[in-house]
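Visitor:
Chains as they are written, first to last, in our numbering: chain A, 1 to 139; chain B, 1 to 487.
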C-alpha cells in the first residue's frame, strides 16, 4: 500500500477499547484499521518482521459490517498463527467484499489480548470528504 | 445514544430495587429493573449501562422485566451485569446477551490445609502453578490439544468425558459443576471449524484480561451452617479460585453468530437499537444453531476450568505432598458456576431462555437441579473482588426466583476504563503494596497489573451487601488472597 494521510487513535471505553479511524477512502481506512489493531496488540508493531504473508477475503452486508469482519479476520489469524499483521500490501474493497494481502510476523511480546471487534456503537461515515469510523474492540 | 433516551430516573420499587417503567421509551416491551444501593446506582449512572439495559428491554419475546445487577457496567450491546429472559420457543436469543467469553465463570476449590501450613511454601507453589497453567495471549496447551472428532466429543459430552475417558479430575467433581459440566443440547456441528481451530489447543489455559487463579484463605464466615454445607468450615482454611472461560473457541462462536444474526434478523422483522444486540427467534434456524453452538462452547469452558483444577491439585501434591501427604492434593470442588451464558429454565408452565451476561445463576435451597449435598441450603455463588482484594461466597435464595430470575451479581464490576486505570495507578507501586499485604502476584507486567487495579473496580463489599439485603443471596464467607496468578 502507498502511504496515505490515514490515521487512527484509541479512546477509553469502560472495560473495552474504541478504535477511531480516519482515512480518505475505504482501502486506506481498512489498512489503517490493521495497523491500529497491531499497535493495540503489541508494543512494537513497527518492528514486526514482515515474514508471513496472507491473502485474506471477507464479506459484510455493508461497509460497517465489513470493517468488523476485517478486524475479526485479523484477530483470528493472530490467535491461530501467533503473528501480528500491521502491514497491508494490497487491498481491494468492492460491494461488500474485501480482498487483501497482509504481511506480519511474531511480535517480541503481546500487550493486549483482543477477543473480537463488536457492532456496538459502530460508526463509519463520510465527513468533509473523509471517511471516519469508530469500532469498539472486546479486550 | 438512542434519540429518545433522556437520562433515566429509576424509581424505588422494593428494597434495593429500582425501576425504569416500560413507558419510559416507546420501544420498550418490559420495564428495566436495577438492584443497587443509592451509591451504586449513582456509579451505574456514570456510564451508559442504564441506556443499554433499556435497549435490551426492546428485544422481542421478553417474559419478565430486564434486570441489572449491582455490579452492572457498560458493555457492548448488553450491559455487563445484565439479565434478560425470553419465552421459549418464540422469544429471541441474542449472542451479545451472553458475550464473547461464553461461560466465563469461576470454580472454587476447598483444601483441607490451613493458611499457616501453605503460606511458607506459597512462592514455590505459585511458581509451580505458573509452569503448569499457561496464561496470556493465545498461550496454548499443546500437551492436551483436542481436534477433529475428539474435540467434537468433548464439546458435546463435556466434563464427564474428561473424567471417564482421560482420567482428568474426579467423578466426585461432576455434581458440583453447574449442569454437571455438560449442558444438554450442545452440538459440535454448529461450531465453526474456525472456532475449533482457535480453541482446540487452549484447554487448560487461563487466557488474559481479568482472568486469574488465586490461592486464598477463609477470612470471615458469616453463616456457619451454610459454610459447613459447602465444605468451607472454618477461618484460615485454604481455597483456590479459578476464573476463566471458553478462550478463543467461545470468542469465535460469538463472532460467527453475531454476524450471522446481524444478516438474518431482518427476515424475522426484528430491529434492534444497537447492532450488537443482533438476535433471532429461538426456534429459527439461526436461533437453534447458535443455542447448540453456545452450549458446546459452554461445555468447553467447564472443561477448561476442570483441567486447570486438575493441574492445581497436581501442583499442590507436587509441592506440598512430602509434608502433608494425601491432604495436599485433596482440593474438593465446592462449585463451578457460569457468568456468561443463556440457559433454558422452567418458570411454572413456561420455559424461559435466561440470558446472563456478567451475572450468576443463584438457585435457592428448594431447586431440584442442586446436588443432593446442597439441597436445603442453596446454590453456592462466588463473587470475586478485584485483584488482590477479597472474594465472597454466597448461597442462592428461593426468593431470587421471583425477584431476579434466580440471578445475582458476578463480581465487583469495572468502574474505570483500562486506560484510565493505567493513568491513575502505577503497576510497580501496586505490586509492592500487594506484597506488603502478603499477596504475591505472578504472570502480569506492571502495566497489566494497573489495568486490573482495585481502584478500577466498584467496591465488592457494597455489591455483595445489595444482593444480600435484597434477599437474592445470603452471605456465607469472605476469602482473602495470598497469591494471585493473573491471566
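Even for Gly, the Cβ is constructed at its ideal location relative to N, Cα and C.
Give me the Cα-Cα distance between residue 226 of chain B and residue 396 of chain B, rounded to the nearest whole angstrom.
Guide: Mapped onto the second chain, residue 226 of chain B falls at position 226. Mapped onto the second chain, residue 396 of chain B falls at position 396. The C-alpha of residue 396 of chain B is placed about 11 Å away from the C-alpha of residue 226 of chain B.
Visitor: Excluding five sequence neighbours on each side, which residues of the same chain lie with their C-beta closer than 7 Å to the C-beta of residue 3 of chain B?
Guide: For this step, residue 3 of chain B is matched to residue 3 along the second chain. Confidence at residue 3 of chain B is low in this model, with a pLDDT of 46, below 50, so its placement is unreliable and the value that follows should be read with caution. Cβ within range, chain order: n/a, list empty.
Visitor: Does the CB of residue 254 of chain B have a neighbour CB from chain A at under 8 Å?
Guide: By one-based count along the second chain, residue 254 of chain B stands at place 254. Closer than 8 Å: yes.
Visitor: Using a beta-carbon distance cut-off of less than 7 Å, what residues from the stretch 106 to 133 of chain A approach chain B?
Guide: Close to chain B, meaning a Cβ-Cβ distance shorter than 7 Å, are the following residues of the stretch 106 to 133 of chain A: 110, 113, 115, 116, 118, 119, 120 and 122.
Visitor: Any beta carbon of chain B sitting closer than 8 Å to that of residue 20 of chain A?
Guide: Position 20 of the first chain, counted from the start, is the residue given in the question as residue 20 of chain A. Taking Cβ atoms only, chain B never reaches closer than 8 Å to residue 20 of chain A, which makes this a no.
Visitor: Answer yes or no: do residue 12 of chain A and residue 444 of chain B have a C-beta to C-beta separation smaller than 8 Å?
Guide: Working through the first chain from its first residue, we reach residue 12 of chain A at position 12. Working through the second chain from its first residue, we reach residue 444 of chain B at position 444. In terms of Cβ geometry, residue 12 of chain A and residue 444 of chain B do not form a close pair [threshold 8 Å].
Visitor: Just to make sure I have the definition right: I need the residues of chain B whose C-beta is within less than 9 Å of the C-beta of residue 80 of chain A. Which are they?
Guide: Within the first chain, numbered from 1, the residue matching residue 80 of chain A stands at position 80. By Cβ distance, chain B contributes 138, 194, 197, 198 and 248.
Visitor: If contact is defined by three or more beta carbon pairs under 8 Å, each pair taking one atom from either stretch, is the stretch 309 to 321 of chain B in contact with the stretch 217 to 234 of chain B?
Guide: Segments in contact, no.
Visitor: Return no unless some Cβ of chain B is closer than 8 Å to the Cβ of residue 61 of chain A.
Guide: In the first chain, counting from the first residue as 1, residue 61 of chain A sits at position 61. Taking 8 Å as the threshold, the shortest C-beta distance from residue 61 of chain A to chain B falls below it.
Visitor: Tell me, to the nearest whole angstrom, how far the beta carbon of residue 453 of chain B is from that of residue 479 of chain B; I am working on the premise that it is less than 8 Å.
Guide: For the purposes of this step, residue 453 of chain B is identified with residue 453 of the second chain, where counting begins at 1. For the purposes of this step, residue 479 of chain B is identified with residue 479 of the second chain, where counting begins at 1. Rounded to the nearest angstrom, the Cβ distance from residue 453 of chain B to residue 479 of chain B is 19 Å, too far for a contact under 8 Å.
Visitor: In chain B, which residues lie with their C-beta within 9 Å of the C-beta of residue 136 of chain A?
Guide: Walking along the first chain from the start, residue 136 of chain A turns up at place 136. Simply 76 and 276.
Visitor: Taking residue 137 of chain A and residue 20 of chain A to be in contact with their CB atoms under 8 Å, please state how far apart those CB atoms are, rounded to whole angstroms.
Guide: To locate residue 137 of chain A, count along the first chain from 1; it is residue 137. To locate residue 20 of chain A, count along the first chain from 1; it is residue 20. With a Cβ gap of about 11 Å, residue 137 of chain A and residue 20 of chain A do not count as contacting.
Visitor: Where does residue 384 of chain B land, buried or exposed, given buried means 16+ other C-beta within 10 angstroms?
Guide: As a first step, residue 384 of chain B is located in the second chain; it is residue number 384 there, counting from the start. Buried, because 16 or more other Cβ atoms sit within 10 Å of the Cβ of residue 384 of chain B.
Visitor: Return yes when the C-beta of residue 136 of chain A is under 7 Å from any heavy atom of the ligand MG, and no when it is not.
Guide: Summarising the ligand content, the structure contains no ligands, and the ligand MG is consequently not present.
Visitor: Within the stretch 190 to 269 of chain B, note down every full alpha helix (DSSP H) run reaching 4 residues or more, in order along the chain.
Guide: Qualifying alpha helix (DSSP H) stretches, in chain order: 193 to 199, 224 to 230 and 247 to 264.
Visitor: For residue 425 of chain B, which of helix, strand or coil comes out of DSSP?
Guide: Looking up residue 425 of chain B in the second chain gives position 425. If DSSP states are grouped into helix, strand and coil, residue 425 of chain B belongs with coil.
Visitor: Indicate the three-state DSSP secondary structure (helix, strand or coil) for residue 374 of chain B in the structure shown.
Guide: Residue mapping note: residue 374 of chain B aligns to position 374 of the second chain, counting from 1. The answer is helix: DSSP assigns residue 374 of chain B an H, G or I state.
Visitor: Looking at chain B, is there any beta carbon in it that lies within less than 8 Å of the beta carbon of residue 69 of chain A?
Guide: Here residue 69 of chain A refers to the residue found at position 69 of the first chain. Chain B contact via Cβ: present.
Visitor: Hey, residue 215 of chain B and residue 133 of chain B are a contact pair by Cβ (cut 8 Å); roughly how many whole angstroms apart?
Guide: As a working mapping, residue 215 of chain B is identified with position 215 in the second chain. As a working mapping, residue 133 of chain B is identified with position 133 in the second chain. Not really, about 12 Å apart at Cβ, beyond 8 Å.
Visitor: Can you tell me the Cβ-Cβ gap for residue 365 of chain B and residue 398 of chain B, rounded? I've got them flagged as a contact below 8 Å.
Guide: Position 365 of the second chain holds residue 365 of chain B. Position 398 of the second chain holds residue 398 of chain B. Indeed, because the Cβ distance is near 6 Å, the residues count as touching under 8 Å.
Visitor: Can you list, in chain order, the stretches of the beta strand (DSSP E) that have 3 or more residues and sit fully within the stretch 98 to 159 of chain B?
Guide: 105 to 114
Visitor: Kindly indicate the opening and closing residues of the beta strand (DSSP E) around residue 18 of chain B.
Guide: In the second chain, residue 18 of chain B corresponds to position 18, counting from 1. In the DSSP assignment, residue 18 of chain B falls within the unbroken beta strand (DSSP E) covering 17 to 20.
Visitor: Run through chain B and tell me which residues come within less than 7 Å of residue 16 of chain A, C-beta to C-beta.
Guide: To locate residue 16 of chain A, count along the first chain from 1; it is residue 16. Ordered by position in chain B, the residues that pass the 7 Å Cβ test against residue 16 of chain A are 76.
Visitor: Using a threshold of 8 Å, state whether the C-beta atoms of residue 27 of chain A and residue 130 of chain A are closer than that.
Guide: Within the first chain, residue 27 of chain A is the residue found at index 27, counting from 1. Within the first chain, residue 130 of chain A is the residue found at index 130, counting from 1. For residue 27 of chain A and residue 130 of chain A, no; Cβs fall outside 8 Å.
Visitor: Determine the burial state of residue 458 of chain B: buried for a count of at least 16 other Cβ atoms within 10 Å of its Cβ, exposed for fewer.
Guide: Counting from one through the second chain, the residue named residue 458 of chain B turns up at place 458. The residue in question, residue 458 of chain B, is buried, as its Cβ has 16 or more Cβ neighbours within 10 Å.
Visitor: Tell me where the beta strand (DSSP E) around residue 17 of chain A begins and ends.
Guide: Taking the first chain and counting its residues from 1, the one referred to as residue 17 of chain A is at position 17. Run containing residue 17 of chain A: 16 to 23, per the beta strand (DSSP E) assignment.
Visitor: Return the CA-CA distance between residue 235 of chain B and residue 178 of chain B, expressed in angstroms with no decimal places.
Guide: If you number the second chain from 1, residue 235 of chain B lands on position 235. If you number the second chain from 1, residue 178 of chain B lands on position 178. Computed Cα separation, rounded: 26 Å.
Visitor: Assign residue 91 of chain B to buried or exposed, taking buried as 16 or more other Cβ atoms, counted over all protein chains shown, within 10 Å of its Cβ.
Guide: In the second chain, the residue the question calls residue 91 of chain B occupies position 91. Result: buried.
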